[in-house]
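Protein chains: 2
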Amino acid sequence: MTYTIGQAARMFGLPVSTLRYYDREGLLPGMERRSGARVFGEKEIEALRVIECLKASGLEIREIRQFMAWTVEGPSTYPQRLALFQARRKALEEELGQLRRMLDMLKYKCWYYETACADGSEERVGAMAPDRFPPEIQALYDSAHSVG
Amino acid sequence: MTYTIGQAARMFGLPVSTLRYYDREGLLPGMERRSGARVFGEKEIEALRVIECLKASGLEIREIRQFMAWTVEGPSTYPQRLALFQARRKALEEELGQLRRMLDMLKYKCWYYETACADGSEERVGAMAPDRFPPEIQALYDSAHSVG
DNA sequence: GCTTGACCTGAAGTCAGGTTCATGGTCTAT
DNA sequence: ATAGACCATGAACCTGACTTCAGGTCAAGC
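If you read the sequences in order, they're chains A and B. Going by the numbering used here, the first sequence opens with residue 353, and the numbers climb by one from there. Going by the numbering used here, the second sequence opens with residue 353, and the numbers climb by one from there.
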């Protein structure tokens, strides 16, 4: 199965211009063309999935280009590619930990403003010591206000 | 307890220039000064924690400024603030779901390249049908290759 | 009273990651 | 054979979020 750039763009929820930009930047090496038009095959679709997750892990375009260059270079670069995925996995796991703490903060703030709305004032909830919060809220508060 | 801009910057792992930029952009309204120098009190530290998590949820600086304007405006904006936190909570939960799928892809790729390294070639692992993967890898693969 | 280090300002500069524009080619259906 | 919906290009442009710079203030320690 192959796709046009428009179909691939819809599959990934990206503008066509972004896919062309990725190609220009060397993120889709060796793509086939039919009368000038790019042909997205299974290889390119998998490349887009990889781009998606490498980007999500915080990698920059130029580093993704480096990875794609390694895939072109062949088996001698397996160790680099493995090391890259291991490093990005670690980075993303740490990022997820941070984001869970951010989410706890948002949940705490939801409770805070629900309470303030109900009271018509922040006075009571703002003056309340954290150890008087409901237990599940206290856990959110602690997570959101813990060190680093 | 109060802090200088340098101390606050260290607390949040941010450059001093970023805190000044936030102040300039209206993200730290009504901050006290002592002979010209900004004084970061509990209010500002909590504001920085809120900025941190609103940013993490995908909010732009100008939208965070809007929120800070609401906190200055008083109790009449509790409903807007609550709605904002609820919306950002939802957005971040969805983002976390996406990132977990990205992490599954990274884990799958780690396994893929571990196997390729061990084999000295991608041939075997690349030709293997997903239903022949080890069960835990199959779960990662399915998660990473499921519809958006 | 002078040096040092940390603070201040407004204006300009930087960078990544796209996006837009002007112009033109190619297919498919009517 | 013409319209409409795709596709293409290079170059210029844009945006958000900082960062840097030049020049100045202030408090503390020697």
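All residues carry an ideal CB built from backbone N, CA and C; glycine is no exception.
Indicate whether at least one CB of chain A lies closer than 9 Å to the CB of residue 440 of chain B. yes
How about residue 391 of chain A and residue 384 of chain A: do their beta carbons lie closer than 9 Å? yes
Rounded straight-line distance, which links the Cα of residue 386 of chain A to that of residue 402 of chain B: 51 Å
Along chain A, in chain order, which residues have C-beta atoms closer than 9 Å to that of residue 472 of chain B? 427, 430
Are at least three pairs of beta-carbons, each pair with one atom in the stretch 433 to 441 of chain B and one in the stretch 450 to 469 of chain A, less than 8 Å apart? yes
Using a Cβ cut-off of 9 Å (strictly closer), state whether residue 454 of chain B contacts chain A. yes
Compare the C-beta of residue 466 of chain A against all C-beta atoms of chain B and say whether one is closer than 9 Å. yes
Nearest candidate by alpha-carbon position, reference residue 395 of chain B, set B/420, B/468, B/497: B/420
Residues in its own chain within less than 8 Å of residue 359 of chain B by CB, not counting five upstream and five downstream? 392
Would you say residue 474 of chain A and residue 430 of chain B are within 9 Å of each other, going by their C-beta atoms? yes
Looking at the structure shown, is residue 389 of chain B part of a helix, part of a strand, or coil, going by DSSP? strand
Does any C-beta atom of chain A lie closer than 9 Å to the C-beta of residue 402 of chain B? yes
What would DSSP say about residue 384 of chain B, mapped onto helix, strand or coil? coil
Cβ contact (3+ pairs, closer than 8 Å) linking the stretch 367 to 381 of chain B and the stretch 405 to 420 of chain B: yes
Please decide whether residue 408 of chain B counts as near chain A, where near means a Cβ-Cβ distance under 9 Å. yes
Along chain A, in chain order, which residues have C-beta atoms closer than 8 Å to that of residue 496 of chain B? 401, 405
Between A/445, A/418, A/486, which lies nearest to residue 432 of chain A when the distance is taken from Cα to Cα? A/418
First and last residue of the uninterrupted alpha helix (DSSP H) at residue 460 of chain B: 430 to 471
Boundaries (first-last residue) of the alpha helix (DSSP H) holding residue 408 of chain B: 394 to 408
Do residue 486 of chain A and residue 497 of chain A have their beta-carbon atoms positioned less than 9 Å apart in this structure? no
Output, in sequence order along the chain, the residues in the stretch 366 to 387 of chain A whose CB is closer than 7 Å to any CB in chain B. none
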